[in-house]
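Below is one structure, written out as structure tokens, with a few remarks after it.
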Amino acid sequence: MKMVAEQLINYMVPPLKKEDDITRAKQWMDEFRVKQLPVVDDQKLLGFISEDLIYDSGIMYAGVGEYPLIGENCFVVLSNHYYDILKVQSNHNTDMVAVLDFDENFKGVVLISDVVMEFTNTAIVNAEGAIITLKSSLNDYSLSEISRIVEMNESIILGVNINPDKDNPSLIEIVLRINHQSVNQIAAGLSKSGYSVTSSFNIEDNSFDERDRYGLLMKYLNP
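Residue numbers for the sequence shown follow this note's numbering, beginning at 255 and rising by one.
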């Protein structure tokens, strides 16, 4: 499985130069079926131009670099994990994320649709089961204890994601991907051990379309 940004670059999507005109931007968006394109100058990312920006601006500039570009910070570096790509994309609400090398030179873009396709072969998305969200202080968090409780109920953990709690910086939010749908006993066991079970989400089958898979990924990464 492709796991880092360098492996996920889609070289079919070209960058625009800042002096390229809107006609070229529209043609490439149509040709490559994307709604945004990166704009670069001397290998440096300036941002992205989008369909909405072109049609809503009401002004026809000579070059795409003159438009108020979006997502100038919508990038990862070559070694970033696909989790980082999805989190950057979520922050900027784009269909793609730029990839830079360690000298901040533009290397290409990762399409979010390509990341989702990579996930279709993983148990995190593809297997039936459930997602359980917990809260705990960092000092009280023990993955071995959580695993023991899950395994006592004849289940296994397919994936774990940890985020700082949005409302209380002294807490962490723990997202568990479990291989069984029935998680009431697991939730009860976790509660007895001092974990606050805040939500659970059943995954009934693996017949999701791309939008469903993306939604499941974001629920797992950003509960």
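Heads up, the beta-carbon is just placed ideally off N, CA and C, and yes, glycines get one too.
- Message: List, from N- to C-terminal side, the alpha helix (DSSP H) runs of 4 residues or more that fit wholly inside the segment 384–437.
- Response: Look at the segment 384–437 and you find these whole runs of alpha helix (DSSP H), each 4 residues long or longer: 397–406.
- Alpha carbon of residue 280 to alpha carbon of residue 424, nearest angstrom: If you number the sequence shown from 1, residue 280 lands on position 26. If you number the sequence shown from 1, residue 424 lands on position 170. Taking the straight line from one Cα to the other gives about 48 Å.
- Task: Tell me, please, which residues DSSP counts as bridged to residue 354.
- Result: For the purposes of this step, residue 354 is identified with residue 100 of the sequence shown, where counting begins at 1. DSSP, once it has assigned bridges, lists 331, 360 as partnering residue 354.
- Item | Distance between residue 293 and residue 453 (C-alpha atoms, nearest Å) | Locating residue 453 in the sequence shown gives position 199, counting from the first residue. Locating residue 293 in the sequence shown gives position 39, counting from the first residue. So the two alpha carbons sit approximately 41 Å from each other.
- Task: Note down, in chain order, each residue of its chain lying with its Cβ closer than 8 Å to the Cβ of residue 295, except the 5 sequence neighbours on either side.
- Result: On the sequence shown, position 41 is the one that residue 295 refers to. Counting only Cβ-Cβ distances below 8 Å, and skipping sequence neighbours, we find 271, 272, 319.
- Local conformation of residue 479 per DSSP, three classes: Look at the range of the chain in this structure, 255 to 477, and you will see that residue 479 is not part of it.
- Task: For residue 261, count neighbouring Cβ atoms within 10 angstroms of its own Cβ and tell me buried if that reaches 16, exposed if not.
- Result: Position 7 of the sequence shown, counted from the first residue, corresponds to residue 261. With fewer than 16 other beta carbons inside 10 angstroms of its own, residue 261 counts as exposed.
- Taking the continuous alpha helix (DSSP H) assigned at residue 340, which residues delimit it? Residue mapping note: residue 340 aligns to position 86 of the sequence shown, counting from 1. From DSSP, the alpha helix (DSSP H) with residue 340 extends over 336–346.
- Message: Taking only three categories from DSSP, how would you classify residue 444?
- Response: To locate residue 444, count along the sequence shown from 1; it is residue 190. DSSP places residue 444 in helix when its eight states are reduced to three.
- Item | Buried versus exposed, by CB contacts within 10 Å (16 or more), residue 387 | The residue you call residue 387 lines up with position 133 of the sequence shown. The residue is buried, with at least 16 neighbouring Cβ atoms inside 10 Å.
- Item | residue 365 classed as buried or exposed, judged by whether at least 16 other C-beta atoms fall within 10 angstroms | Position 111 of the sequence shown, counting from 1, holds the residue named residue 365. Under this definition residue 365 is a buried residue.
- Message: Considering Cα atoms alone, identify which of 348, 305, 298, 341 is closest to residue 282.
- Response: As a working mapping, residue 282 is identified with position 28 in the sequence shown. Of the residues 348, 305, 298, 341, the one whose Cα lies closest to the Cα of residue 282 is 305.
- Message: Under 8 Å: do the segment 359–373 and the segment 394–407 share three or more Cβ pairs, one atom per stretch?
- Response: Pairwise C-beta distances place the segment 359–373 out of contact with the segment 394–407, as fewer than three of them are shorter than 8 Å.
- Is it the case that the Cβ atoms of residue 403 and residue 443 are separated by a distance below 7 Å? For the purposes of this step, residue 403 is taken as residue 149 along the sequence shown, with counting starting at 1. For the purposes of this step, residue 443 is taken as residue 189 along the sequence shown, with counting starting at 1. In contact: residue 403 and residue 443 (Cβ atoms closer than 7 Å).
- Message: If you reduce the DSSP assignment to three classes, tell me which class residue 308 lands in.
- Response: The count along the sequence shown starts at 1 and reaches residue 308 at position 54. When DSSP states are grouped into helix, strand and coil, residue 308 belongs to the helix group.
- Just the Cα atoms here: how many angstroms apart are residue 456 and residue 408? Counting from one through the sequence shown, the residue named residue 456 turns up at place 202. Counting from one through the sequence shown, the residue named residue 408 turns up at place 154. Cα-Cα distance, rounded: 17 Å.
- Item | Of the listed residues 372, 357, 430, 290, nearest to residue 336 (C-alpha basis) | On the sequence shown, position 82 is the one that residue 336 refers to. Checked all of 372, 357, 430, 290; the closest Cα to residue 336 is 372.
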